[in-house]
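No gaps in the numbering here: position 137 of the sequence shown is 136 in numbering that gives the first Met the number 0, and each next residue is one more. So the structure is just underneath, and the comments pick up after that.
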Amino acid sequence: MLMWKLKRLALLASTILGSGATSGCADEPRVMPGVQESGYVMPFPLQQGGEQIDLLVRVRDDERPHQFTLILVMRHDWPEEKKDALTRIYQGFAIGDLAPTPSPFRFRIRVDAIDEHNDFHDEEFVANTKPQYTLQAENGAAAWRGQMLYARTLTPGIYRVRVDNLAPVPQIDFQTLFRFERFSRKV
Numbered sequence: 000m001l002m003w004k005l006k007r008l009a010l011l012a013s014t015i016l017g018s019g020a021t022s023g024c025a026d027e028p029r030v031m032p033g034v035q036e037s038g039y040v041m042p043f044p045l046q047q048g049g050e051q052i053d054l055l056v057r058v059r060d061d062e063r064p065h066q067f068t069l070i071l072v073m074r075h076d077w078p079e080e081k082k083d084a085l086t087r088i089y090q091g092f093a094i095g096d097l098a099p100t101p102s103p104f105r106f107r108i109r110v111d112a113i114d115e116h117n118d119f120h121d122e123e124f125v126a127n128t129k130p131q132y133t134l135q136a137e138n139g140a141a142a143w144r145g146q147m148l149y150a151r152t153l154t155p156g157i158y159r160v161r162v163d164n165l166a167p168v169p170q171i172d173f174q175t176l177f178r179f180e181r182f183s184r185k186v
C-alpha cells in the first residue's frame, strides 16, 4: 500500500512539473502548463507515427461522459479531390466509392486518476474511430470533423491522459487536432 502511494506521489509530482506535452514530429516536446479543462484543443500531427500526447485533465462532474476526439481540419478553399480524401478518412467512404476505406488510425489511450481517493486506470487500443460531428471553425474558413476516440463517465478529479499514435498516416497532409471535451448530452 505504501509503495502504491509513493508511486502516486511520484506520478503527481512528475505530471505537475510537466503537465502536458506533445512529442513526435517536433524535436522538442511542447509543454502546456496546468490542468486542462473541457474544451481544450491541441495540435496532434499523425504523419510519422510514434507521436504522443501527455497531459492532465480535470473532470468536474459525472453527469455526462467526457471524451477525447481526433479532429480533422478541412479548409473550404481546398480542391474537391483533397476534400474527398479527407472525407474518406473521416467517414470511411466518399460519394461514388464502391468499397469502404479502412481506418488508417491506431492509437493507445491510457487514462489514470491521480487523486489519492480514486484508483481509476484504463488502457484502450483504438483501431476504428467513429465520426462524431462536423463544426464550422476559424470564422467559417474550415470545418472540424471530429472522430470520437474514447468516452467514459469519470468521477470528478484530475486524470493523466496519454495518447500514443501507433501507426504512421503519411497520406494526411492536413492539420489534425486532439480535443478533450465534456459530452454534450446527458446519459
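Glycine included, every Cβ here is placed at the ideal spot set by N, Cα and C. For clarity, every value in this text was computed on a predicted model and none was experimentally measured.
The continuous beta strand (DSSP E) containing Asp111 extends over residues Phe106 to Ala112.
Put simply, the backbone Cα of Pro64 is about 19 angstroms away from that of Thr133.
Secondary structure of Asp83 (DSSP, three-state): helix. Secondary structure note for His120: its beta strand (DSSP E) is the uninterrupted segment His120 to Val125. Taken through DSSP and simplified to helix, strand or coil, Gln170 comes out as coil. Spanning the alpha carbons of Thr154 and Gln90 requires a straight line of approximately 32 angstroms. Under the DSSP definition of a beta bridge, Gly145 partners with Ile70 and Tyr132. Residue pairing for Gln35: DSSP places it in a beta bridge opposite Val56.
Looking only at Pro103, Arg151 and Arg178, the smallest Cα-Cα distance to Pro167 is reached by Pro103.
By the Cβ criterion, the stretch 146-163 is in contact with the stretch 38-58, since at least three pairs of Cβ atoms, one from each stretch, lie closer than 8 angstroms. Per DSSP, Thr154 lies in no beta strand (DSSP E) segment and is marked neither H nor E. Beta-bridge analysis with DSSP links Thr175 to Leu71. In terms of Cβ geometry, Leu71 and Arg144 form a close pair [threshold 8 angstroms]. The C-beta separation of Ile171 from Leu69 comes to about 11 angstroms, leaving the pair out of contact by the 8 angstroms criterion.
The beta carbons of Thr152 and Asp61 sit closer together than 8 angstroms. Taking Ser37 as reference, the option from Phe173, Gln47, Gln66 and Lys82 with the minimal CA-CA separation is Gln66.
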